[in-house]
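Engineer: This structure is in structure tokens; I'll ask about it shortly.
2 protein chains.
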Amino acid sequence: MTKDYCINAKRLWHTLEVFSTFGGTENGGVTRLALSDEDRQGRDKIIQWAKEDGFGCEVDELGNMFICRPGKNPNLAPVLTGSHGDSQPLGGNYDGIYGVLAGLEVLRTLNDHGVQTERDLILVNWTNEEGARFAPAMLASGVWSGAIEKEYALSRSDTNGVTVDQALKAIGYKGKFPSKARPLHACYELHIEQGPILEQESIDIGVVHHAMGQNWYELRIQGFAAHAGTTPMNLRLDALCGFAQFTLAVERIGHRFAPDGRATIGMVQVTPNSRNVVPGEVLCSVELRHPENSALDEMHALLEAAVKALTDRYLKSDLKRLSHYPPVVFDQACVQRIEGAIAERGYTQRPMVSGAGHDACYVQRVAPTAMIFIPCVKGISHNEEEKIYPKWAENGANVLFSTLLKAANEK
Amino acid sequence: MTKDYCINAKRLWHTLEVFSTFGGTENGGVTRLALSDEDRQGRDKIIQWAKEDGFGCEVDELGNMFICRPGKNPNLAPVLTGSHGDSQPLGGNYDGIYGVLAGLEVLRTLNDHGVQTERDLILVNWTNEEGARFAPAMLASGVWSGAIEKEYALSRSDTNGVTVDQALKAIGYKGKFPSKARPLHACYELHIEQGPILEQESIDIGVVHHAMGQNWYELRIQGFAAHAGTTPMNLRLDALCGFAQFTLAVERIGHRFAPDGRATIGMVQVTPNSRNVVPGEVLCSVELRHPENSALDEMHALLEAAVKALTDRYLKSDLKRLSHYPPVVFDQACVQRIEGAIAERGYTQRPMVSGAGHDACYVQRVAPTAMIFIPCVKGISHNEEEKIYPKWAENGANVLFSTLLKAANEK
């Protein structure tokens, strides 16, 4: 019974604490941007730990790191787990790195108990998941999965004009292995939820069966800037009032597709943005998310209707779709192994949709994949205040352990 | 019949064109900030023109300039006219200076025809009306009228830390005369409307009987910033959606008090203002205007109700009133002289409320005052595109001529 083996919760928490020093900030968070020196320190530490446990590490052309614990049968496709070690600027201590270090803890626990799996178990640390230093996000798992061109990825540059290729070489993580998917039996990414649902519902573990599709837009609303004192209400073309009407319409779209739909305006820019001038122009972002493509299409249609309604106010508007990521359906067999492992452990669980993008979303394109979520306090993430409790970290790692062992022992 | 005398429209337009070179911008506007070297050039030119026409100029401690055309009887209270020569940054060629130069044109026309009035006629050029370089606006007419302390006004500083007192001395316009109202028979300020009403209704002249009272506010709406992908709609505290609801409520307040009421949100600041983060906070300005104090109070009460409604969304909010300017009721006799002059000239007219603040609003506190508006194209002002037609300039100056002559001949 795999449930008899438990990961070493103290050891796991210690590795998390050690890791939080790489790029640690005054307020207890981290700034560990992809391929920065802080990222290098973290990578070096992972290799050191792997070595101490007897594991080697392969680094590919994109700096993705693969640590292998060999199974009995090298002819069977391996099982992969892991996440990313980079962070947002002023980010938290768990986003990404928790999945890497919990994976390491699984390998160590297998060592502790002398367990030999049928299949190789591979721990991965993906490069530049956050997209904070180099856009787009999930860059290197994207290359590895064939979704993003390698040359394109290597040529992405940060705000100082440093390319991914240069940054990889600068920190010594431009590996020689091709960044290309190999056949895998299963892949699991363990991650903090980054949302409030699990904590709010007091659920131990989320089983992620879908990741949301996303449409990103930019909308420009054009009115006419005018003196706020001399321009009567009926002669105004107030872009901000139009924007307000539009914002409430977008909110309604989100509610209409609850609980899985999301509709968000996060960025707003008002022109001329002066106290006594009727706003002449508003530029804003819009983001729609839903796990089903057909629903996302319906949301898109409602968004277009909300834009069109601005003509009732004689406002001009220009809606541009900036990007479209289709929804991801994770692998059913992968999901079932997680559900089984949670049940054996006696934890509470619920099926979940990932609202955020993850490396696993790209990996699912080339290998059977699923994700495991643990709660995080108040859903706060991408923030120095990001927080999890040691018990949550332990639960998630135990589920990962049982799930990986199950998959790795399938013949 | 005074209507037989007409101002010299070509000469007036020429002075406007000459003046637009002082601080003239590439796009045909002006940047002639108060007490700048560009302002000094304009002031020097006014004194030169006055001298050529045989008039002297007194400058007071605040740099206000008074050009006197003596009447027959020095014991009678004079009649005052004028406006301001400073501009907004990238402002227009007519805001303020039109009233000064039309006043000069009236004096010249009286000279042309050898008319001697009963009372002295005084042309004024007020300092720092715009408030663009030194806050608050209408600073020097405020001192002259006793509404603002002289020491306070002189100590106001620009963004470089230069005080009004220093700037006055630097351009040689720190006069020796006390800045203090003297008894006046009547005062008139001719100005462009800075709004769209006259042009839209094809009316030649606006007779301004009121200026609006104003309340300025700042509102902070506090929600909770959250990941736009992982936070379900029902668990959001979206400060921007609350702001949108509030914005439409403010717009309704304005419409409810139409045609004279104004309700405007001009300035908005969203935090963190990131595409995929639910906004946690919105800071905005609110401005309410109405010519009647009781109505302004009602609007204020409705505003507070709109703020209170944000609690339905579990949002916190903090409304601060930054300032309150009471409405101004102009002098009935002054208004009637304008109406009579327009009727004699055969122009079309309508009574108007000034939505903007003007030097005349302060002068009314100490002397019988009224204002004359001419149209401006599309109501555009505080903008390089500000535009009037020579005919409009001519009409306004003719009305000013007849009005002033009427007042100055009253015994």
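Protein chains in written order, with the numbering used here: chain B, 1 to 411; chain V, 1001 to 1411. Backbone N, C-alpha and C fix where the C-beta goes; we use that ideal spot for every residue, glycine too. All values derive from a computational prediction rather than experimental measurement.
Pick from A1258/V, E1061/V, L1016/V and E1026/V: whose alpha carbon is nearest that of N1093/V?
Structural biologist: As a first step, residue 1093/V must be located in the second sequence, where it is residue number 93. Comparing Cα-Cα distances from N1093/V to each of A1258/V, E1061/V, L1016/V and E1026/V, the minimum goes to L1016/V.
Engineer: Classify M1/B as buried or exposed, calling it buried when 16 or more other Cβ atoms lie within 10 Å of its own Cβ.
Structural biologist: Counting from one through the first sequence, the residue named residue 1/B turns up at place 1. Reliability fails at M1/B, whose pLDDT of 45 lies under 50, so the model's placement of it is uncertain and the value that follows must be treated cautiously. Label assigned to M1/B: exposed.
Engineer: Going straight from the alpha carbon of K3/B to that of S402/B, what length do you get?
Structural biologist: Sequence index remark: in the first sequence, residue 3/B carries index 3 (1-based). Sequence index remark: in the first sequence, residue 402/B carries index 402 (1-based). In this prediction, K3/B has a pLDDT of 48, which is less than 50 and means its spatial position is unreliable; nothing more can be read from the coordinates.
Engineer: The segment 174 to 204 of chain B: which residues have C-beta closer than 9 Å to a C-beta of chain V, in chain order?
Structural biologist: E193, Q194, G195, P196, I197 and Q200
Engineer: Within 8 Å (strictly less), CB to CB, does A1356/V reach chain B?
Structural biologist: Working through the second sequence from its first residue, we reach residue 1356/V at position 356. For A1356/V, the answer is yes, since a Cβ of chain B falls inside 8 Å of its Cβ.
Engineer: Within 8 Å (strictly less), CB to CB, does M267/B reach chain V?
Structural biologist: Sequence index remark: in the first sequence, residue 267/B carries index 267 (1-based). Yes, M267/B counts as interfacial toward chain V.
Engineer: In the DSSP assignment, the alpha helix (DSSP H) including S109/B goes from what residue to what residue?
Structural biologist: Within the first sequence, the letter at position 109 stands for residue 109/B. What sits at residue 109/B in the sequence shown is Thr, not Ser. First-last of the alpha helix (DSSP H) with T109/B: I97 to D112.
Engineer: Grab me the residues of P89/B's own chain with a C-beta within less than 7 Å of its C-beta, minus the 5 sequence neighbours each way, in chain order.
Structural biologist: Against the first sequence, residue 89/B aligns to sequence position 89. The answer, listed in chain order, is T31, L33 and A132.
Engineer: Looking at the secondary structure, which residues open and close the alpha helix (DSSP H) in which Q332/B lies?
Structural biologist: Translated into the one-based positions of the first sequence, residue 332/B becomes position 332. Run containing Q332/B: Q332 to R345, per the alpha helix (DSSP H) assignment.
Engineer: Pick from K1378/V, I1338/V and N1383/V: whose alpha carbon is nearest that of N1398/V?
Structural biologist: Counting from 1 along the second sequence, the entry for residue 1398/V is found at position 398. With distances taken between Cα atoms, N1398/V lies closest to I1338/V.
Engineer: Can the beta-carbon of S1083/V be found closer than 8 Å to that of H1014/V?
Structural biologist: Sequence index remark: in the second sequence, residue 1083/V carries index 83 (1-based). Sequence index remark: in the second sequence, residue 1014/V carries index 14 (1-based). For S1083/V and H1014/V, no; Cβs fall outside 8 Å.
Engineer: For R1337/V, return the contacting residues in chain B, with the cut-off set at a CB-CB distance below 9 Å.
Structural biologist: Numbered from its first residue, the second sequence carries residue 1337/V at position 337. What R1337/V touches in chain B: nothing, since even the nearest Cβ is about 24 Å away.
Engineer: What residues in its chain sit with their C-beta under 6 Å from that of T348/B, if we drop five residues either side in the sequence?
Structural biologist: Position 348 of the first sequence, counting from 1, holds the residue named residue 348/B. Answer for T348/B: I203 and D204, listed in chain order.
Engineer: Tell me whether T230/B is buried or exposed, calling it buried when 16 or more other Cβ atoms sit within 10 Å of its Cβ.
Structural biologist: On the first sequence, residue 230/B is found 230 positions in, with the first residue counted as 1. The residue is buried, with at least 16 neighbouring Cβ atoms inside 10 Å.
Engineer: Taking Cβ to Cβ, would you say A153/B is nearer than 8 Å to V143/B?
Structural biologist: If you number the first sequence from 1, residue 153/B lands on position 153. If you number the first sequence from 1, residue 143/B lands on position 143. Yes, the pair counts as a contact, with Cβ atoms nearer than the cut-off.
Engineer: If you run the structure through DSSP and keep just helix, strand and coil, what is N1125/V?
Structural biologist: Walking along the second sequence from the start, residue 1125/V turns up at place 125. Of the three classes helix, strand and coil, the one that applies to N1125/V here is strand, per DSSP.
Engineer: For S1274/V, return the contacting residues in chain B, with the cut-off set at a CB-CB distance below 8 Å.
Structural biologist: As a first step, residue 1274/V must be located in the second sequence, where it is residue number 274. Within chain B, the residues near S1274/V are G266 and M267.
Engineer: Since A1186/V is in the beta strand (DSSP E), which residue starts that stretch and which ends it?
Structural biologist: Walking along the second sequence from the start, residue 1186/V turns up at place 186. Counting along the chain, the beta strand (DSSP E) containing A1186/V begins and ends at A1186 to I1192.
Engineer: Please list the partners that L1235/V has in chain B, where partner means a Cβ-to-Cβ separation under 9 Å.
Structural biologist: Working through the second sequence from its first residue, we reach residue 1235/V at position 235. The answer, in chain order, is G195, P196, I197, Q200 and G379.
Engineer: As a quick exercise: from E199/B, R236/B, P272/B and L219/B, pick the residue whose alpha carbon is nearest that of L1235/V.
Structural biologist: Against the second sequence, residue 1235/V aligns to sequence position 235. The residue with the shortest Cα to Cα distance from L1235/V is E199/B.
Engineer: Mind checking which residues open and close the alpha helix (DSSP H) that includes G151/B?
Structural biologist: Taking the first sequence and counting its residues from 1, one reaches residue 151/B at position 151. Note that residue 151/B corresponds to Glu in the displayed sequence, not to Gly. Note, E151/B: alpha helix (DSSP H), K150 to S155.
Engineer: Note down, in chain order, every chain V residue with its Cβ under 7 Å from the Cβ of Q222/B.
Structural biologist: Position 222 of the first sequence, counting from 1, holds the residue named residue 222/B. Those within 7 Å of Q222/B in chain V number zero; the least Cβ separation is about 15 Å.
Engineer: Between Q349/B and chain V, is there a C-beta pair that is closer than 8 Å?
Structural biologist: Along the first sequence, read from residue 1 onward, the residue named residue 349/B stands at position 349. False, the Cβ-Cβ gap to chain V never drops below 8 Å.
Engineer: Using a cut-off of 7 Å between C-beta atoms, extract the partners of S1285/V located in chain B.
Structural biologist: Counting from 1 along the second sequence, the entry for residue 1285/V is found at position 285. Those within 7 Å of S1285/V in chain B are R275.
Engineer: I'd like the span of the beta strand (DSSP E) that includes E1218/V, first residue to last.
Structural biologist: Position 218 of the second sequence holds residue 1218/V. Note, E1218/V: beta strand (DSSP E), G1213 to Q1222.
Engineer: Check whether the segment 1057 to 1069 of chain V and the segment 1361 to 1380 of chain V are in contact - that is, three or more C-beta pairs closer than 8 Å.
Structural biologist: no
Engineer: With 8 Å set as the bound, which would you pick, yes or no: does the beta-carbon of Q1245/V sit closer than that to a beta-carbon of chain B?
Structural biologist: Translated into the one-based positions of the second sequence, residue 1245/V becomes position 245. At least one chain B Cβ lies under 8 Å of Q1245/V.
Engineer: Please determine if the segment 285 to 296 of chain B and the segment 207 to 216 of chain B are in contact, where contact requires at least 3 C-beta pairs separated by less than 8 Å.
Structural biologist: Touching, yes, given that three or more Cβ pairs across the two stretches are closer than 8 Å.
Engineer: If distances are taken between C-alpha atoms only, which option among R1040/V, K1180/V, E1058/V and C1006/V comes closest to S966/V?
Structural biologist: Residue 966/V is absent from the model: chain V starts at 1001 and stops at 1411.
Engineer: For the segment 1260 to 1291 of chain V, list the beta strand (DSSP E) runs that are entirely contained and at least 3 residues long, ordered along the chain.
Structural biologist: 1262 to 1264, 1268 to 1271 and 1281 to 1290
Engineer: Going by CA-CA distance only, name the one from L35/B, T247/B and N273/B that's closest to A140/B.
Structural biologist: Numbered from 1 along the first sequence, position 140 holds the residue referred to as residue 140/B. Comparing Cα positions, the closest option is L35/B.
Engineer: Are the C-beta atoms of R133/B and some chain V residue less than 8 Å apart?
Structural biologist: What you label residue 133/B is simply residue 133 of the first sequence in a count that begins at 1. Closer than 8 Å: no.
Engineer: Taking 8 Å as the threshold (beta carbon to beta carbon), is H1084/V in contact with chain B?
Structural biologist: The residue you call residue 1084/V lines up with position 84 of the second sequence. Taking Cβ atoms only, chain B never reaches closer than 8 Å to H1084/V, which makes this a no.
Engineer: Is there contact between the segment 1163 to 1179 of chain V and the segment 1052 to 1060 of chain V, where contact requires at least three CB pairs shorter than 8 Å?
Structural biologist: yes
Engineer: So the candidates are P74/B, Y98/B, S20/B and G42/B; which of them puts its Cα closest to the Cα of G400/B?
Structural biologist: Position 400 of the first sequence, counting from 1, holds the residue named residue 400/B. Note on residue identity: the sequence assigns Leu, not Gly, to residue 400/B. Checking every option, the nearest Cα to that of L400/B belongs to Y98/B.
Engineer: Do the segment 1259 to 1267 of chain V and the segment 249 to 266 of chain B make contact, defined as three or more Cβ pairs closer than 8 Å?
Structural biologist: no
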